[in-house]
Each structure stands twice: as C-alpha cells, then as structure tokens.
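Written out below as structure tokens is the structure these notes cover.
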Amino acid sequence: MIKVKRKYKLGLIYLVMVTIIVTTIIVTVSLSLNESETFPWQITGREVVVGQQPAPKGETTYSQINDENVAWSNTLSNIPLDSECYCRLNITQGGYVGDVTIDWTLESSTDQGGTWTETGFSMTTQTTLSGEMGQIVYASADGTITGNHNWGQHYTASAWYRLRVVINVPPVGLFKSGYETGDLTEWDGKWVWRGSISAGPFQPHQGTYSCKAETTGAWGAAMAFKRLPAGQQLIYVRVYVLFETLPDVYNMYPIYIRNLETNKQFVGVFARNVAGKIIWIINYGNGGSWNYKNSAKGPSLGAWHCLEVMAKRGSGDGEVRLFVDGEELLSAIGLDNTMFGPDINGVLVGLGEGPGIIVVDCVEISTAPIGPE
Ligand SMILES: [Ca+2]
Numbered sequence: 101m102i103k104v105k106r107k108y109k110l111g112l113i114y115l116v117m118v119t120i121i122v123t124t125i126i127v128t129v130s131l132s133l134n135e136s137e138t139f140p141w142q143i144t145g146r147e148v149v150v151g152q153q154p155a156p157k158g159e160t161t162y163s164q165i166n167d168e169n170v171a172w173s174n175t176l177s178n179i180p181l182d183s184e185c186y187c188r189l190n191i192t193q194g195g196y197v198g199d200v201t202i203d204w205t206l207e208s209s210t211d212q213g214g215t216w217t218e219t220g221f222s223m224t225t226q227t228t229l230s231g232e233m234g235q236i237v238y239a240s241a242d243g244t245i246t247g248n249h250n251w252g253q254h255y256t257a258s259a260w261y262r263l264r265v266v267i268n269v270p271p272v273g274l275f276k277s278g279y280e281t282g283d284l285t286e287w288d289g290k291w292v293w294r295g296s297i298s299a300g301p302f303q304p305h306q307g308t309y310s311c312k313a314e315t316t317g318a319w320g321a322a323m324a325f326k327r328l329p330a331g332q333q334l335i336y337v338r339v340y341v342l343f344e345t346l347p348d349v350y351n352m353y354p355i356y357i358r359n360l361e362t363n364k365q366f367v368g369v370f371a372r373n374v375a376g377k378i379i380w381i382i383n384y385g386n387g388g389s390w391n392y393k394n395s396a397k398g399p400s401l402g403a404w405h406c407l408e409v410m411a412k413r414g415s416g417d418g419e420v421r422l423f424v425d426g427e428e429l430l431s432a433i434g435l436d437n438t439m440f441g442p443d444i445n446g447v448l449v450g451l452g453e454g455p456g457i458i459v460v461d462c463v464e465i466s467t468a469p470i471g472p473e
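Residues 101 to 473 in my numbering are what the sequence shown lists, from first letter to last.
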C-alpha cells in the first residue's frame, strides 16, 4: 500500500454583510481564506436581515471518534487516509434564534488555494439555533450526534480537502396588507397631492377590500407608504395592480422603493404610453446617473397583474429586477446605489404621477422572492 501524505486546506472565512434583498438578498458576502487552524465556514447572507438578528456564525471541528466526550480538533492534519472523521459546527456568534438549514459540502483541490471542486458528498441538517454562543450542531440530519456523517470515508485520494458549511436562515416577511381592515391603518402614512387614496370594496383581487388610488393632474401622487425595519439591504415587493385607466401623456407608477429620510429612490416601476403602446418600465439610479429600462410588455386595461420588484442596495453589486405575473421582464445589475441612503426603508404603493386610477391589493414585502399567489 502506498502511503499518501495528505494535507488539508486550512482556512478562515471572514464574512462581511453588506448593509444591504434579496435577490435573491441580497446581502453581500465577501470572504477570504487565510492559513489558520480551522476549516473555512461560510454563511449565505442573502436571507439575513441586517439590523434584526445577528447572522449566525460558526467554525467546524473534527474528531476521528464520534463521541461528544472526546476532544474535537479544528484541524484534520494527522488523521490518516481512510480513517473515520466526523464533523460538528460550534456556533461562535450567538444571538440568532430560530430554525436554520445547514448545508455541508465536501470539496477537494489538487493544490492548496487553487480551484475547489465539489466531491459529490454533501448533507443537509435541519435544526434550531438557541441564540447561545457555543451551541454545537453535528453533521447529521437533525444536528444531534446520532447519525453524524463519517466524512473520512470520502477522503479517498491525495488532495487538499475542505468542508464548506453554509447556514441558511429563512426569509423574513416584512409586511403584508390585503387592505382587509377596510382602511389604510396597516400603513404608516399617505403621500397625496392632486389625488386621493382609500381602501374599500373596489373589485378586490382577494378578500373583501382593496385600495383605489386616483390622481387628477399631472405629477400627482396618491400613495400609502410603509416604513421597514432599519438596515434592509435587499427587499422584494409584490403587489397586485389593476389599471382602471391607462397612461396617456404622463406615466403611472404603482410602486416606489426608496429611503424615506433621503427621499431618494432605489427603483420605481411604471407604465408609459409609447406611441400608443403601453409598456412596463423601471427606473433606477446607478452612480450619478438615472436610468430606464423598457419592457416589450405592458398592462391591460381592467386586468389584474402581479408585479414583483426586487431592490438590492450595493456598491457595484446593487440590483433591481421586475417580475410581472411570475416572469422576469427587466433587470439591472452591477449597480452602485449606496448614495441613495444607508438602507432601503420605504415602500410606496398606489399611484404616482398620472392622472389616472389604479386599484392595488395583496401587498407583500419580504427579504426573499414572493411570487404570485
Ligand atoms: Ca384584499
């Protein structure tokens, strides 16, 4: 038998959450690998809402014996090829309370620091974090030591190995309103001039009530706004929209996404009449310029349309996207929109500009994609 000396990639990943959506959120994670006595861990940041709960973090430790009473090491060196090897995650940043899904993926590389390739061996753990630092989660289906996976059986060739660990937290629903209170009390305020907005039994998409917004002159506004918890960097906004009138000379905006303090807009979606054809358009800032993207499609008079807008704040990795009836129609990526405010904390729904009449219903705001209902 040929004795093979193995080395293992030793690394540490530093996580930087962008003060951010969502897309899918999306919080930015940046990482770097350093030589150290731990294997790298990684966290998907996109589902974590900055400013709400701390992101869970942890580091992996290893043992040849699957016994919680023995010493677990943060290095795999000295574990011989073909030996058993078990893994667990020690939570190093407490504060996150809730269900998580942890993905463990074994990767290999023929040269340390080179290209990492998935070996095909992975597993998923469903567990609940208590919020306590030092909580231990084993690489088993439910996070207990029972059934802890023997990763050593997959160290079958001379190579560098690492176990990539991703902690996924569920999306956070930020707001919902189907206007079923019959008024706008679920919202934080109105933004109205040359118009009016109210909830009522206006041919609702769902339930008894919806919301009608009407402007009577150019550059009017009839919108209700919702203030989001501080710190949002990535959000999805889903609204059902029905145009009782279609735009003529002026645009009709059902949704604005902005920062309420700076009053700067990350993205807006509107319908415009272009030589008799009504089309969806998004406008968004990028650096010092204001940009537009046109779709080939547009709303039909008197029909419900499901609009979903994604906005991600970022410095070079900002994004905006528009989905209509479940189909992605428009997107812009690689944006620098951090100058519009420290977070995305305001959503306005109703009718901006006009004149015209729009009915809206079934509003939902989340840190993850929502989709039609
Ligand atoms: Ca409703």
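No residue lacks a Cβ here, since even glycine has one placed at the ideal position from N, Cα and C.
| task | Kindly examine ligand 1 and report whether one of its heavy atoms sits closer than 7 angstroms to the Cβ of Cys406. | result | no
| message | Please classify Gln303 as buried or exposed, where buried requires at least 16 neighbouring CB atoms within 10 angstroms. | response | exposed
| query | For the segment 260-330, which segments carrying the alpha helix (DSSP H) assignment without a break, of at least 4 residues, lie completely within its bounds, in sequence order? | reply | none
| request: Tell me whether Lys377 is buried or exposed, calling it buried when 16 or more other Cβ atoms sit within 10 Å of its Cβ. | output: exposed
| Cβ pair Arg338, Thr316 closer than 8 angstroms | no
| query | Contact between the segment 239-254 and the segment 215-224: three or more CB pairs below 8 angstroms? | reply | yes
| task | Spell out a yes or no on whether the segment 285-294 and the segment 206-215 are touching, meaning 3 or more CB-CB pairs, one atom from each, closer than 8 angstroms. | result | no
| Got a sec? Which residues, its chain only, sit under 7 angstroms from Gln164 by beta carbon, not counting five neighbours each side? | Ile179, Ser183, Glu184 and Cys185
| Alpha-carbon to alpha-carbon, Thr467 and Tyr353 | 22 angstroms
| message | Strictly by DSSP, which residues pair up with Ala371? | response | Met352 and Trp380
| task | Report yes if the C-beta distance between Phe366 and Ala411 is below 8 angstroms; otherwise report no. | result | yes
| task | Determine the contact status of Gly307 and Gly278, defining contact as a CB-CB distance below 8 angstroms. | result | yes
| Pick from Trp291, Tyr196, Tyr340 and Lys276: whose alpha carbon is nearest that of Ala403? | Tyr340
| said: Check this for me: beta carbons of Arg413 and Ile444, under 8 angstroms apart or not? | reply: yes
| task | Specify whether the segment 438-457 and the segment 313-333 touch according to this definition: at least 3 beta carbon pairs, one from each stretch, less than 8 angstroms apart. | result | yes
| request: Decide if Glu168 is buried, meaning its Cβ has at least 16 other Cβ atoms within 10 Å, or exposed. | output: exposed
| For ligand 1, which residues count as neighbours when the test is a C-beta closer than 7 angstroms to any heavy atom? | Gly278, Tyr279, Glu280, Pro304, His305, Gln306, Gly307, Thr308, Tyr309, Ser310, Asp461 and Cys462
| task | For Trp260, count neighbouring Cβ atoms within 10 angstroms of its own Cβ and tell me buried if that reaches 16, exposed if not. | result | buried
| query | Can you tell me the Cα-Cα spacing of Pro301 and Ser310, whole angstroms? | reply | 6 angstroms
| message | For a minimum of 3 consecutive residues, which ranges assigned as the beta strand (DSSP E) are wholly contained in the segment 392-472? | response | 404-412, 415-424, 427-436, 446-453 and 456-466
| task | Rank Asn383, Asp211 and Trp291 by C-alpha distance to the C-alpha of Leu430 and give the top, closest one. | result | Asn383
| field | Three-state secondary structure (DSSP) of Gly214 | value | coil
| request: Can you grab the Cα-Cα spacing for the pair Trp172 / Tyr162, in whole Å? | output: 5 angstroms
| task | Find out if the Cβ-Cβ distance for the pair Gly158, Asn190 is shorter than 8 angstroms. | result | yes
| query | Are the beta-carbon atoms of Leu435 and Gly452 separated by less than 8 angstroms? | reply | no
| message | Let me confirm a value: Ile357 is counted as buried when at least 16 other C-beta atoms fall within 10 Å, else exposed. Which label applies? | response | buried
| Should Gly385 go down as buried or exposed, given a rule of 16 or more other Cβ atoms within 10 Å for buried? | buried
| Hey, out of Arg188, Gly450, Ile202 and Phe440, whose CA is closest to Lys364's CA? | Phe440
| request: Starting from Gln193, trace the beta strand (DSSP E) both ways and give me its first and last residue. | output: Tyr186 to Gln193
| query | Under the rule that 16 or more other beta-carbon atoms within 10 Å means buried, what is Val463, buried or exposed? | reply | buried
| message | With DSSP as the reference, identify every bridge partner of Val237, one or two as the case may be. | response | Leu189
| When DSSP labels each residue in this structure, what does Trp172 get in the three-state scheme? | coil
| request: Take Ala318 as the anchor and find which of Pro347, Pro329 and Lys290 has the nearest alpha-carbon. | output: Pro347
| field | Element boundaries [beta strand (DSSP E), containing Ile335] | value | Leu334 to Phe343
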